Each structure stands twice: as structure tokens, then as C-alpha cells.
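J.:
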Amino acid sequence: MSRYLTFALFVEGPEDEAFFRPLATRQLQAMAAGLPEPFDVDEWPVTADCSTARSLHEQVCRLVADLATDRDLLLLHNDHRERAKIDKVRSGVELPPGCRIVPTVPIRETEAWLLADGPLLASLPGADRALIPSSPHEAEKVPDPKALLSRILRGRDTRQLAQHLGERADLDRLRRLPAYQQWCADLTAALKELHFL
């Protein structure tokens, strides 16, 4: 019988949730797929009813403690300038032995990860192909990824766009991003500690 991995998301905002919910599920499923005894991944993870950017520290800690009782992983997202908030939560909550916190921290903003799959962006109707970064490495160098994404796809609903990219972005392209590599390494370490890997 296969083990079942449960996780919860803590994100800054609705676009982050729309992107990370499908992306995290896909990445975890990819990690499980190659194993001699693969594990199943929760396809409908809980998203905490708070913002890691705007909610009070105590509220985030309370929700982390609550969700840690029946989740294996808690994925805490903050953009790079807010990373210290994750460390503060980690030190402020005692987790049960069967749960791990995994930081989910893109360089600059989540939108840097949304820019990483140039061919996918170029395939979208109305995309300004001339503005798309030439490689995932270039996507992470963009000083204001959110502004660039909105220029590439003017007038698009950002939440729908984030979900579309989270569902379809090429994981191999994303793995070329140093911040994504770190996230995968942190996921791997947590899964090993929990004996999923």
C-alpha cells in the first residue's frame, strides 16, 4: 500500500496560491514517480487562511501549529525580501515529529518562476514574445518580474495566468533556477527526514 503525502500552503497572496498549488503538487508527484515504492500526493492541499506577507506573525504561527497536526509538509512562501519571516515562524512553532516546514522563496518574486518557461509563455495568445527572457537563468535576473510579466501579457487575469503556468510550466526549465533548485533540495531533505524518500 502506498503512503500518502499531505501538505499545506502558506502564501503571500491569491496569485501565489494559484501558481504554487498546482506546481507543488506536480513537483512532489515527479519526486515520487521515480521511486521503487512511490507515494501518493494530496492533489487538493489546504491553503492557510492568512497571508505570509500581511498577516500578524502570531496568526501565521497559530495556523502553522494547527495545520502541522495532520500535515506532513508545510510550504511557506515569501518573496526573497521577506525570507526572514519564515525563519521567525520556524523558531516560533514547535512542530510534531511527523511534519516539516519547507521554505518556498523565489529570487525577487514568484513571477520570476512564472517567467522561466519561455516557450510556454510564447504559446499564449497575445504574448509579446520580444519581451520574454531568453532562458530561465535570464528570468531570475529580471529586476521587476511582476512588471515584465504584465507587459508580456497585457490585460490578462493574473490569477488565471498564474494557475495556467503552475499547471503547465516545464519542471526541467524551472530546475535551472537556483532558487527552484534550493526549493527542490529542501523538499528532498524534508521528504528524507519523513522517510518518504
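In terms of the numbering used here, the sequence shown opens at residue 342 and continues consecutively. C-beta: ideal position from N, C-alpha, C; glycine also. Treat the numbers as computed from the prediction; the structure is a model and nothing was measured.
Please report how far the alpha carbon of W385 lies from the alpha carbon of L455, in whole angstroms.
T.: Roughly 21 Å between the two C-alpha positions.
J.: Kindly list the residues whose CB is nearer than 6 Å to the CB of P477, restricted to its own chain and excluding five residues on each side of it in sequence; keep chain order.
T.: If we look at P477 and ignore the five residues flanking it on each side, its Cβ neighbours are A457, R514, R517 and L518.
J.: Count the C-beta pairs between the stretch 410-419 and the stretch 487-504 that are closer than 8 Å, then say yes if the count reaches three, no if not.
T.: Segments in contact, no.
J.: Looking at the unbroken alpha helix (DSSP H) that takes in L290, where does it start and where does it end?
T.: Residue coverage of the chain in this structure runs from 342 to 538, which leaves residue 290 outside it and unanswerable.
J.: Tell me, please, whether the stretch 361-369 touches the stretch 492-510 by the rule of three or more beta-carbon pairs shorter than 8 Å.
T.: Cβ pair count under 8 Å is three or more, so yes.
J.: Indicate whether A349 and R412 have their beta-carbon atoms separated by less than 7 Å.
T.: Taking 7 Å as the Cβ cut-off, A349 and R412 qualify as a contacting pair.
J.: In three-state terms, what does DSSP make of L489?
T.: Looking at L489 - three-state DSSP - the assignment turns out to be helix.
J.: Reducing DSSP to helix, strand and coil, say where V401 ends up.
T.: In this structure, V401 counts as helix in the three-state DSSP scheme.
J.: Between which two residues does the beta strand (DSSP E) holding F351 run?
T.: That run of the beta strand (DSSP E) goes F348 to F351.
J.: Hey, would you say T353 sits closer than 7 Å to A394, going by beta carbons?
T.: Reading off the sequence shown, one finds Glu at residue 353, where the question assumed Thr. Yes; because the gap between Cβ atoms is below 7 Å, this pair is in contact.
J.: Quick one: what's got a C-beta closer than 6 Å to Y345's C-beta in the same chain, skipping five residues either side?
T.: Only D381 meet the Cβ criterion.
J.: Less than 8 Å between the CB atoms is what I'm expecting for R479 and I448, so what's the real figure, rounded?
T.: Arg is not the amino acid found at residue 479; the sequence shown has Glu there. 12 Å between Cβ atoms; not a contact.
J.: Give every residue of the same chain whose Cβ lies closer than 8 Å to the Cβ of D357, excluding the five residues on either side of it in the sequence, and list them in chain order.
T.: Taken in chain order, the residues that qualify are H418, T451 and A503.
J.: As a quick exercise: from T410, G467 and A371, pick the residue whose alpha carbon is nearest that of V434.
T.: Of the candidates T410, G467 and A371, the one whose C-alpha sits nearest the C-alpha of V434 is T410.
J.: What did DSSP end up calling L376 once you bin it into helix, strand or coil?
T.: In this structure, L376 counts as coil in the three-state DSSP scheme.
J.: With three or more beta-carbon pairs closer than 8 Å as the criterion, would you say the stretch 522-531 touches the stretch 440-447?
T.: A contact exists between the stretch 522-531 and the stretch 440-447.
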